[in-house]
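A quick write-up on the structure given underneath.
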Amino acid sequence: MSNIKRKLTTILATDCVSFSKHMEENEENTLKSLNSCRSIIDKKIEDYNGKIFHTAGDSVIAEFQSPVESVKASIEFQKEILNMNDQTDITPKLSWRVGIHVDDVIIEKNNIYGTGVNVAARLEAKCNPDQILISNIVQQQIKNKIKEKLFQAGEIELKNISNKFDVFSILGQYTDNEIELKLKKNKNIVKNKKLKFAILPFTNSGNDEDSGFLVDGIIEDLITEFSMMREFDILSRQTSVNYKNNYGDLGEFTKAFDLDFVVTGSIRASGKRVRINIELSDAKDDSVVWSNKYDRVLEDIFDVQDEIVRKISIALLGEIEISSLQRSKRKPTENMTSYEYLLRGKEKHHHFKKESNLEALKYFDQAIEADANNAQAYAWKVCTLGQAMFRGFLEDPEKIMEEAKQNIQKALECNENDFECHRMLSAVYLSNHEYGLAEDHGQKAFQMVPNDPRVLAGFGEVLVRVGKIQKGLELLEKAFDLDPIPQGQSSSDNRLKDLILGYFLDESFEKVIEIASKLRSIDQRSCLLTLYSHENLNENFTDTREFKIFKSDYKNDDWNNIIDRFHIPDEKINSNLKDFSKRI
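Positions 2 to 585 (our numbering) are the ones given, in order, by the sequence shown.
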């Protein structure tokens, strides 16, 4: 009878990432960090009834009677190590990988042997930093017994192991690591359908409330980056922000907008470091398609944003044109002080209040002072000046317009490829009735960012006026689809008013009347165009809401001047509208 002792057990293998490299760079600090990590790891293994067999300092082999306890121990020590790294300025900040497998092994005194040990070690070697990979047999034992999600990471070959293994990753706040689902495994991705998704507001998981501007700025930049890609439709920032207030739950929201995918996550800023946890989920069944965790210095934020856009694009499309993701010319600035002021200014701009507007202008001036070549600071200053002028926050509109023009020109000198500049120039030229230039700049903005609702609406407004009505209406409809309630508004009226003008110029008078019925508040232009549409359809309009409002609120207005501000180049239409306004 053999004296060899065998048992079925759970093996955990963990290893410190790049330990030798850290030792070469700073032996004393690396050893201090290692000892701090090992005190956490060893205690968690003990707390969950594990036993350590092998240790080389920077690596540990342990066994557990329970797969659940081995996984919980791993999650707990990864969590504590990451928290410790957050709370110290000492470098290096060490990361650990974990592999877990269940198998029959040989126990001899204080040693453990067998293929199961090798499998756990090979799984650990396949991990990204901070990741936990488990074999299929472990997954079967722990599913529905831990709160963290399990995600199938594919079938892999392990070095010197004959069989292939189905492996799973554990996804949670402290274990999120890069996982990519192969396209062939995602049955919900339809190649001939343009994918539609939303980036929802990320949680600010830091203790510093003042870092909220950074969280908002990073997400806004990501939405802008995806708006530059024609393969996707992405909801506007404001629509995503509104979802918590307007919808009972995420499922209701995704159904209302017919979303295919949703991006969620959290951002934690601590000093000069920023940690981003991000997850891409299938909106139909809530399964995770891709997940990753980034822990970088703030100066690397543009590279992180680029990688997120690239990874999500590859996860959804399978392949992308790399040239479409080249961002070197789109970086607002290399100066992080200027970038911080830019984000602070944008956050204040989005409040749409006089005090916040003035604060935003100050921040944009500070961004420009820190980097005189920050094109986006000039462009956003123009946008904020426009907000001040149209909402009456500042006096002397002529002076504001002149300052806006100077800043747009300066922005273009800094970066002629800044779409914000071309978007704003298109609006300025439209208001000056310079329709050719308005179309040229609108086209440039649209070519750069074909899915930004502001660009779609602005360019669409120009196109319907210059006779390219069907294309203009297509863009206006898409702007409404992606951004039904624009930033700074409490209803969809602004989007609907644009559509009313477009369908009026298309002589689709029934459509004009239909859309006007959805307006919460009837503005002068929509009121007149709707009444004119009734007349062209030989309909009596004296009992309509528009007629009553016209008589009570607008009858004595200077309609010749108002109609000139409709910016319609066809003088015959203008003349007919002016005559009609006198006859009502």
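Even for Gly, the Cβ is constructed at its ideal location relative to N, Cα and C. Quick caveat: nothing in here was measured; it's all calculated off a predicted structure.
With I138 and F203 assumed to form a contact (beta carbons below 8 angstroms), what rounded beta-carbon distance in angstroms separates them? With 8 angstroms as the limit, I138 and F203 do not qualify as a contact, their Cβ atoms being about 35 angstroms apart.
Name the DSSP beta bridge partners of G266, please? Answer is I279.
Going by DSSP in three states, K406 sits in which element: helix, strand or coil? Here K406 carries a helix assignment [DSSP, helix/strand/coil].
Would K270 and S212 qualify as a contact pair, given that the criterion is a beta-carbon distance under 8 angstroms? A small correction: the amino acid at residue 270 is Ala; Lys does not occupy that position in the sequence shown. Note that the C-beta distance between A270 and S212 is below 8 angstroms.
Can you name the start and end residues of the beta strand (DSSP E) that I101 belongs to? Here the beta strand (DSSP E) through I101 covers W97 to E109.
Assigned secondary structure, E149 (DSSP; H/G/I helix, E/B strand, else coil): E149 falls in the coil class under three-state DSSP.
Please identify the residue among D484, L520 and D296 whose C-alpha is closest to the C-alpha of N129. Among D484, L520 and D296, the Cα nearest to that of N129 belongs to D296.
I'd like the list of long-range same chain contacts for S432, defined as Cβ closer than 8 angstroms, with 5 residues on each side in sequence excluded. Close CB contacts of S432 within its chain, under the 8 angstroms cut and outside five residues either way in sequence, are with H568 (chain order).
Are the Cβ atoms of F233 and N452 separated by less than 8 angstroms? Yes. Within cutoff.
What is the rounded straight-line gap between the Cα of I277 and the Cα of T11? When the Cα atoms are used, I277 and T11 turn out to be separated by approximately 32 angstroms.
Coarse secondary structure for I5, derived from DSSP in three states: Three-state result, I5: coil.
Range covered by the alpha helix (DSSP H) that runs through I550: Where I550 is concerned, the enclosing alpha helix (DSSP H) starts and stops at R546 to I550.
Hey, how far is the Cα of S314 from the Cα of I235? Roughly 12 angstroms separates the two Cα atoms.
Between I569 and the ligand GTP, is the CB less than 7 angstroms from at least one heavy atom? You won't find the ligand GTP in this model; it holds no ligand whatsoever.
At which residue ranges does the segment 468-513 contain complete beta strand (DSSP E) runs of 3 or more residues, listed in the order of the chain? If we require 3 residues or more, the segment 468-513 turns out to have no beta strand (DSSP E) run fully inside it.
Under DSSP, the beta strand (DSSP E) around D234 begins and ends at which residues? Going by DSSP, D234 is part of the beta strand (DSSP E) stretching over F233 to I235.
Tell me the DSSP bridge mates of K197? BP columns for K197 point to D234.
Could you name each continuous alpha helix (DSSP H) segment of 4 residues or more that falls completely within the segment 330-356, going from the start of the chain to the end? Fully enclosed alpha helix (DSSP H) runs of 4 or longer: 337-350.
Using only alpha-carbon positions, find the residue among K312, F510, H442 and D286 that is nearest to K294. Comparing Cα positions, the closest option is K312.
Identify whether T10 lies in helix, strand or coil by the three-state DSSP scheme. In the structure shown, T10 sits in a strand (DSSP, three-state: E or B).
What number of angstroms, rounded off, separates the C-alpha of A380 from the C-alpha of S582? Those two C-alpha atoms are separated by around 38 angstroms.
Specify the secondary structure class of D167 as computed by DSSP and reduced to three states. Residue state, collapsed to three classes: strand.
Whether S522 touches D494 by CB criterion (8 angstroms): In contact: S522 and D494 (Cβ atoms closer than 8 angstroms).
Got a sec, what are the start and stop residues for the beta strand (DSSP E) I133 sits in? Where I133 is concerned, the enclosing beta strand (DSSP E) stretches over I133 to S136.
Buried or exposed by the 16-neighbour rule on C-beta atoms within 10 Å, applied to K349: In summary, K349 is buried, with 16 or more beta-carbon neighbours lying within 10 Å of its beta-carbon over all protein chains present.
Closest by CA to P485, which one among E475, V69, L497 and H102? Taking P485 as reference, the option from E475, V69, L497 and H102 with the minimal CA-CA separation is L497.
By the three-class DSSP mapping on this structure, what secondary structure does R526 have? When DSSP states are grouped into helix, strand and coil, R526 belongs to the helix group.
T543 by DSSP, collapsed to three states: which one? In the structure shown, T543 sits in coil (DSSP, three-state: anything other than H, G, I, E or B).
Quick check on N205: does DSSP put it in helix, strand or coil? In this structure, N205 counts as strand in the three-state DSSP scheme.
Using a 10 Å radius around the Cβ and a threshold of 16 neighbouring Cβ atoms, would you call N561 buried or exposed? Answer is exposed; the Cβ neighbour count stays below 16.
Does DSSP put E64 in a helix, a strand or coil? Three-state result, E64: strand.
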